[in-house]
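Chemist:
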Amino acid sequence: MRQIVGQPFIEIKKELPTLGVGLGLRREIADEIFKHHQHIDWLEINPENYMGTGGSASKRLKLAKAAFPLVSHGLNLSIGSSDDLNEQYLRDLKALLDFIEAPWWSDHLSFSSIDNRYLHDLFPLPLTQEAIDHVVARVQTVQRFIERPFLLENISYYLQVPGSQLNESAFISEIVEKADCGLLLDVNNVYVNATNLNFDPYKYIDSLPLERVVQIHVAGHTINSGQIIDSHGEAVIEPVFELLRYVLNRTDVRGILLERDQNFPDFSEILLELKQIREITEETKSGSAVKSAIQAQCAT
Ligand SMILES: [Fe+2]
1 MRQIVGQPFI
11 EIKKELPTLG
21 VGLGLRREIA
31 DEIFKHHQHI
41 DWLEINPENY
51 MGTGGSASKR
61 LKLAKAAFPL
71 VSHGLNLSIG
81 SSDDLNEQYL
91 RDLKALLDFI
101 EAPWWSDHLS
111 FSSIDNRYLH
121 DLFPLPLTQE
131 AIDHVVARVQ
141 TVQRFIERPF
151 LLENISYYLQ
161 VPGSQLNESA
171 FISEIVEKAD
181 CGLLLDVNNV
191 YVNATNLNFD
201 PYKYIDSLPL
211 ERVVQIHVAG
221 HTINSGQIID
231 SHGEAVIEPV
241 FELLRYVLNR
251 TDVRGILLER
261 DQNFPDFSEI
271 LLELKQIREI
281 TEETKSGSAV
291 KSAIQAQCAT
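Residue numbers for the sequence shown follow the numbering used here, beginning at 1 and rising by one.
In structure tokens, the structure reads:
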């Protein structure tokens with residue numbers, strides 16, 4: 001969907017399609033995903049895997065596009081970095097988003113490059129007014145360039161950046177409101193941070209502008225030496241499903257996505273988790289919209 005310059009994000013959200021319950025497209029499980037397409041409403045792709053590539057990646061993307069609505073979730077926008085925005089990356093990303101006809105796109109509220117070197121990880125920003133102003137200006141720039149609705153995701157992190165003056169929810173809220181973009185709320189990241197950094201995840205969620213949440217991520221994590229690691233490599237635990245329920249009872253979202261990136265189980269276990277997520281959406285306030293979207297897809 002093309003974004004009209006100057007249109008408020010809350011108005012844009014109303015026009016976004018409701019996609020339902022989706023799964024991240026990973027090479028290791030791609031065959032199973034295509035085989036069980038009737039149980040998966042949409043897919044999320046990492047654009048870096050498909051920009052300027054040919055061969056098997058390109059073939060996988062074409063197969064995915066033929067069978068599913070696709071949304072892009074990037075790793076290398078590096079929105080919080082002090083490096084200049086990477087113009088070539090943005091041009092390639094825009095072409096990919098046009099090709100997949102993405103209704104929206106997202107990346108992380110973090111930085112992933114220093115001195116134009118990509119670090120292959122997502123690092124937290126200092127929670128300061130200076131960082132807010134920096135990120136807001138860059139989000140506005142990329143929104144103008146890409147011309148499709150943009151969502152920022154809350155990341156997981158393991159220590160508070162020195163010099164931070166705000167709490168995380170106030171930091172995120174001010175950025176998405178001033179930049180006028182959407183929010184991709186990762187409820188596993190909320191759980192991981194709340195547990196490791198000792199805050200109340202429900203109060204955190206209550207203080208976010210939930211009306212801006214377009215998409216939710218649900219994932220599993222790993223416990224290592226008393227710390228929770230956001231691994232996307234285990235089954236989702238009930239307290240994370242509980243946070244999903246809590247959010248869905250408070251706002252209407254357009255898509256809920258299961259992130260499973262490693263330590264893949266038998267695909268039947270992934271299908272079971274998708275079914276659990278679908279049952280939660282159907283029993284909550286957002287459920288009616290998701291359910292009717294799924295029924296409409298089944299009817300076509
Ligand atoms: Fe996520």
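In this text, a Cβ means the ideal position worked out from N, Cα and C, and glycines have one as well.
1. Thinking C-alpha only, which one of 76, 153, 246 and 72 is nearest residue 116?
2. Once you ignore the five residues that flank residue 309 on each side, which residues in its own chain have a CB closer than 6 Å to its CB?
3. Please confirm whether any heavy atom of ligand 1 lies closer than 7 Å to the CB of residue 194.
4. Quick one: grab the DSSP three-state call for residue 159.
5. For residue 59, decide whether its Cβ has a neighbour in chain B, counting only Cβ atoms nearer than 8 Å.
6. To the nearest whole angstrom, what separates the beta carbons of residue 243 and residue 191, a pair I think is in contact under 8 Å?
7. How should residue 220 be labelled, buried or exposed, when 16 other C-beta atoms within 10 angstroms of its C-beta is the threshold for buried?
8. May I ask you to check if the CB of residue 234 is nearer than 7 Å to at least one heavy atom of ligand 1?
9. Would you call the stretch 126 to 145 and the stretch 170 to 177 in contact, with 3 or more CB pairs under 8 Å?
10. With a threshold of 7 Å, establish whether the CB of residue 325 neighbours any heavy atom of ligand 1.
11. So residue 156 and residue 230 are in contact, right, with Cβ under 8 Å, and what is the actual spacing, rounded?
12. Should residue 62 be labelled buried (16 or more other beta-carbon atoms within 10 Å of its own) or exposed?
13. Taking only heavy atoms of ligand 1 into account, decide whether any of them is closer than 7 Å to the Cβ of residue 170.
14. Using only Cβ atoms and a threshold of 5 Å, which residues come within that distance of a heavy atom of ligand 1? Order them by chain position.
15. Contact check, residue 355 vs residue 149 under 8 Å by CB: the rounded distance?
16. Just the C-alpha distance for residue 223 and residue 197, rounded to the nearest angstrom, thanks.
17. Hey, would you say residue 260 sits closer than 8 Å to residue 24, going by beta carbons?
18. Closer than 8 Å by C-beta to residue 67: which residues in its own chain qualify, once you throw out the five before and the five after it? Chain order, please.
19. So, with DSSP's three-state summary, where would you put residue 118?
20. So what's residue 82 in DSSP terms, helix, strand or just coil?
21. DSSP three-state call for residue 219: helix, strand or coil?
22. Would you identify the three-state DSSP class for residue 244, choosing helix, strand or coil?
23. Taking the C-alpha atoms as reference points, what is the distance between residue 263 and residue 227?
24. Is it buried or exposed, residue 110, if we count other Cβ atoms within 10 angstroms and call 16 or more buried?
25. Span of the alpha helix (DSSP H) holding residue 32?
26. How about the stretch 88 to 101 and the stretch 41 to 52: do they share at least three Cβ pairs that are nearer than 8 Å?
27. Beta strand (DSSP E) containing residue 106: first to last residue?
Modeler: So, from the listed chains and residues:
1. Position 116 of the sequence shown, counted from the start, is the residue given in the question as residue 116. Checked all of 76, 153, 246 and 72; the closest Cα to residue 116 is 76.
2. In the structure displayed, the chain extends from 1 to 300; residue 309 sits before or after that span and is not available.
3. The residue you call residue 194 lines up with position 194 of the sequence shown. Checking every heavy atom of ligand 1 against the Cβ of residue 194, none is found closer than 7 Å.
4. In the sequence shown, residue 159 corresponds to position 159, counting from 1. Of the three classes helix, strand and coil, the one that applies to residue 159 here is coil, per DSSP.
5. No chain B appears in the structure shown, which is made up of a single protein chain.
6. Your numbering for residue 243 matches position 243 in the sequence shown. Your numbering for residue 191 matches position 191 in the sequence shown. Between residue 243 and residue 191 the beta-carbon gap is near 6 Å, inside 8 Å, which marks them as a contact.
7. Here the question's residue 220 lines up with position 220 in the sequence shown. Counting the other CB atoms within 10 Å of its CB gives residue 220 a total of 16 or more, which places it among the buried residues.
8. Your numbering for residue 234 matches position 234 in the sequence shown. No, since every heavy atom of ligand 1 falls outside the 7 Å radius drawn around the Cβ of residue 234.
9. Below 8 Å, enough C-beta pairs join the stretch 126 to 145 and the stretch 170 to 177 to call them touching: three or more.
10. Look at the range of the chain in this structure, 1 to 300, and you will see that residue 325 is not part of it.
11. Residue mapping note: residue 156 aligns to position 156 of the sequence shown, counting from 1. Residue mapping note: residue 230 aligns to position 230 of the sequence shown, counting from 1. Contact annotation, residue 156 with residue 230: C-beta distance approximately 4 Å; criterion of less than 8 Å satisfied.
12. For this step, residue 62 is matched to residue 62 along the sequence shown. The residue in question, residue 62, is exposed, as its Cβ has fewer than 16 Cβ neighbours within 10 Å.
13. Residue numbering aside, residue 170 sits at position 170 when the sequence shown is read from its first letter. Checking every heavy atom of ligand 1 against the Cβ of residue 170, none is found closer than 7 Å.
14. Residues flagged by the Cβ proximity filter: 186 and 217.
15. Because residue 355 is not part of the residues shown, which for the chain are 1 to 300, the question remains open.
16. Against the sequence shown, residue 223 aligns to sequence position 223. Against the sequence shown, residue 197 aligns to sequence position 197. One C-alpha to the other measures close to 14 Å.
17. Position 260 of the sequence shown holds residue 260. Position 24 of the sequence shown holds residue 24. In this structure, residue 260 sits near residue 24, with a CB-CB distance shorter than 8 Å.
18. Counted from its first residue, the sequence shown places residue 67 at position 67. Only 34 and 37 meet the Cβ criterion.
19. On the sequence shown, residue 118 is found 118 positions in, with the first residue counted as 1. Correct three-state label for residue 118: strand.
20. On the sequence shown, residue 82 is found 82 positions in, with the first residue counted as 1. Reduced to three states, the DSSP call for residue 82 is coil.
21. Locating residue 219 in the sequence shown gives position 219, where the first residue counts as 1. Looking at residue 219 - three-state DSSP - the assignment turns out to be strand.
22. For this step, residue 244 is matched to residue 244 along the sequence shown. In the structure shown, the three-state DSSP call for residue 244 is helix.
23. By 1-based counting over the sequence shown, the position of residue 263 is 263. By 1-based counting over the sequence shown, the position of residue 227 is 227. Spanning the two alpha carbons is a distance of roughly 19 Å.
24. As a working mapping, residue 110 is identified with position 110 in the sequence shown. Residue environment analysis places residue 110 among the buried positions, since at least 16 neighbouring C-beta atoms fall within 10 angstroms of its C-beta.
25. What you label residue 32 is simply residue 32 of the sequence shown in a count that begins at 1. Note, residue 32: alpha helix (DSSP H), 30 to 35.
26. Three or more beta-carbon pairs drawn from the stretch 88 to 101 and the stretch 41 to 52 are found closer than 8 Å, and the two stretches are therefore classed as touching.
27. As a working mapping, residue 106 is identified with position 106 in the sequence shown. Residues 105 to 108.
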